[in-house]
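Participant: Residue numbers (the working numbering): 2 to 167.
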Amino acid sequence: MGKPPYLRWFLVGLIVVGSLAYDARAPATEWYPFAARDLDAGTVLTAGDISYREAPSGLLPPPEDFVGRPVRLSLSQGVPLGAWLLERTPSAPPDTWAIALSIPSHVGVGDAVRIVWTSGLETRFTDAVAIRSGVDGSAAVPSQVAADVADALRRNQVTVLTQPGS
2 MGKPPYLRWF LVGLIVVGSL AYDARAPATE WYPFAARDLD AGTVLTAGDI SYREAPSGLL
62 PPPEDFVGRP VRLSLSQGVP LGAWLLERTP SAPPDTWAIA LSIPSHVGVG DAVRIVWTSG
122 LETRFTDAVA IRSGVDGSAA VPSQVAADVA DALRRNQVTV LTQPGS
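Here's what the structure looks like:
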């Protein structure tokens, strides 16, 4: 009778132990931002509004810097933060003026809107960019028509149009 195959048994045991150790290791995690408290729509995030928690890698989109960005929807404490829940940073394009007017709440920052107003018997319009939505919203209008829009707004003769699906 020959020698027992100790080397083979050792290698099989090593493979089994290695496989078990590989399976037992902790899954890779990353730190993701979550709402630290209940947040109302329009709240501009501060560092105190964000808490970080570990979550499995790849479960959520990559974290971004959210401080200073307004919340698009009301959020409950513990909801993971993502760019889809926040407004883009508001800014007016060059050669425009920001005019305060009611913008439909489904319109996001940076979305295109069309502003229609009457001037005497004439109806005029211009394309603009939403800066903030809601009753206290604003839009960036071209400087060439800003005074006309402001005058029509004073007379309550302005309508804001949006693209379907925006």
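Using N, Cα and C, we set each Cβ at its ideal position, and we do this for glycine too.
1. Leaving out the 5 sequence neighbours to the left and right, which residues in its chain are closer than 7 angstroms to T47 when beta-carbon positions are compared?
2. Whose C-alpha, out of A151, A84, S139 and S144, is nearest the C-alpha of S103?
3. Give the single residue among D149, G79, E88 and W98 whose Cα lies nearest to the Cα of R54.
4. If you follow the beta strand (DSSP E) that D152 is part of, which residue opens it and which one closes it?
5. Which value, in whole angstroms, describes the spacing of the CA atoms of G49 and I16?
6. Would you give the residue range spanned by the beta strand (DSSP E) that T160 belongs to?
7. What distance in whole Å lies between the Cβ atoms of V142 and A131, which are believed to be in contact at a cut-off of 8 angstroms?
8. Taking the C-alpha atoms as reference points, what is the distance between V146 and V159?
9. Just to confirm, are V72 and L122 a CB contact at a threshold of 8 angstroms?
10. For G111, tell me which candidate among V117, P63, P5 and D128 has the shortest Cα-Cα distance.
11. Considering Cα atoms alone, identify which of L86, S58, R38 and A42 is closest to P28.
12. As a quick exercise: from G3, P5 and L61, pick the residue whose alpha carbon is nearest that of E31.
13. Considering Cα atoms alone, identify which of S120, L12, G43 and Y23 is closest to G135.
14. Can you give me the Cβ contacts of V124 inside the same chain, cut-off strictly under 8 angstroms, excluding the 5 residues immediately before and after it?
15. What does L87 pair with, by DSSP beta-bridge criteria?
16. Is the Cβ-Cβ distance between A99 and A93 less than 8 angstroms?
Facilitator: According to the structure shown:
1. V68
2. S139
3. It is G79 whose Cα lies nearest to the Cα of R54.
4. From DSSP, D152 is part of no beta strand (DSSP E) but of the alpha helix (DSSP H) over A147 to R155.
5. 49 angstroms
6. Here the beta strand (DSSP E) through T160 covers V159 to T163.
7. Wrong, their Cβ atoms sit about 11 angstroms apart, outside the cutoff.
8. 13 angstroms
9. no
10. D128
11. S58
12. For E31, the closest C-alpha among the options G3, P5 and L61 is that of L61.
13. G43
14. Inspection of the sequence shows that residue 124 is occupied by Thr rather than by Val. Same-chain partners within the cutoff: V117 and W118.
15. V72.
16. yes
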